[in-house]
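Before any comments, here is the structure.
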Amino acid sequence: DAKTTQPNSMESNEEEPVHLPCNHSTISGTDYIHWYRQLPSQGPEYVIHGLTSNVNNRMASLAIAEDRKSSTLILHRATLRDAAVYYCIPPGTSYDKVIFGPGTSLSVIP
Amino acid sequence: SQTIHQWPATLVQPVGSPLSLECTVEGTSNPNLYWYRQAAGRGLQLLFYSVGIGQISSEVPQNLSASRPQDRQFILSSKKLLLSDSGFYLCAWSPGGSGQPQHFGDGTRLSIL
């Protein structure tokens, strides 16, 4: 019943950009797309969210496809501290419940 | 600014003992509150959420219960712990309304012996 698809794992070299993809083909027109990340032994941390337009904040950028069936989280320069599991939150959870799938485990290579 | 406090950070309990984990939020009013559990190496499972005092919704049948005695206080309890209750328990809050992100506490690592 998973409504999103993310790669299980990805690797990046330090100081290079990272593009983390997520497919959410069943998204409805009013569903926000949320991204969180979880560092080892910590609780998840909100990263960014958006509806239609691309979004930027101090942590990352979110690129949303025109049909909204996919999105990409962009870390402009990966650091060792960015090694974490990144979760793209499924559509249909925009009101008050956030459902976490397995996410993408990002490794950053020095 | 808003902060969320969750304690204790680590807890070791024997099978059959009771449990009480507390979570409080500061700097906001009428937040939505959540309890999650994460088994080792697994994703997060939503256990309970609350949109107001005394209002608790349970996502999965289990050995646990939740209460919200005050607006910014959320408590996770059990009368008798099972081995399967071991895990990483996380409390979170969000503002009410559509599309609002959740903010998590530091979690409680619970080990049942």
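Line by line, the protein sequences are chains A and B.
According to this note's numbering, the stretch in the first sequence is residues 350 to 459, in order.
According to this note's numbering, the stretch in the second sequence is residues 31 to 143, in order.
All residues carry an ideal CB built from backbone N, CA and C; glycine is no exception.
Everything numeric in this text was worked out from a predicted model, so none of it was measured.
Beta bridge counterpart(s) of residue i as assigned by DSSP
i	result
F134 (chain B)	B:A122
T421 (chain A)	A:P370, A:A412
Y385 (chain A)	A:Y395, A:Y436
T58 (chain B)	In DSSP, T58 (chain B) forms no bridge with anything.
N406 (chain A)	Paired residues: none, contrary to the question.
E364 (chain A)	Bridge partners of E364 (chain A): none, in fact.
S80 (chain B)	B:L63
Beta-carbon proximity check, residue i vs residue j, cutoff 9 Å
i	j	result
S80 (chain B)	Y64 (chain B)	yes
V45 (chain B)	L112 (chain B)	yes
Y385 (chain A)	Y436 (chain A)	yes
L94 (chain B)	S108 (chain B)	yes
R417 (chain A)	I458 (chain A)	no
D136 (chain B)	G392 (chain A)	yes
Buried versus exposed, by CB contacts within 10 Å (16 or more), residue i
i	result
D115 (chain B)	buried
Q132 (chain B)	buried
L429 (chain A)	exposed
V90 (chain B)	exposed
R72 (chain B)	exposed
P366 (chain A)	exposed
L106 (chain B)	buried
L388 (chain A)	exposed
Q130 (chain B)	buried
D350 (chain A)	Reliability of the predicted coordinates at D350 (chain A) is poor, the pLDDT of 40 falling under 50, and no value is obtained from them.
T353 (chain A)	buried
Start and end residues, beta strand (DSSP E) containing residue i
i	result
H368 (chain A)	367-372
Y435 (chain A)	433-437
H398 (chain A)	394-399
L112 (chain B)	Element bounds for L112 (chain B): n/a, residue is neither H nor E.
Cβ distance (whole Å) where residue i is taken to contact residue j below 8 Å
i	j	result
A409 (chain A)	L422 (chain A)	6 Å
R102 (chain B)	T54 (chain B)	6 Å
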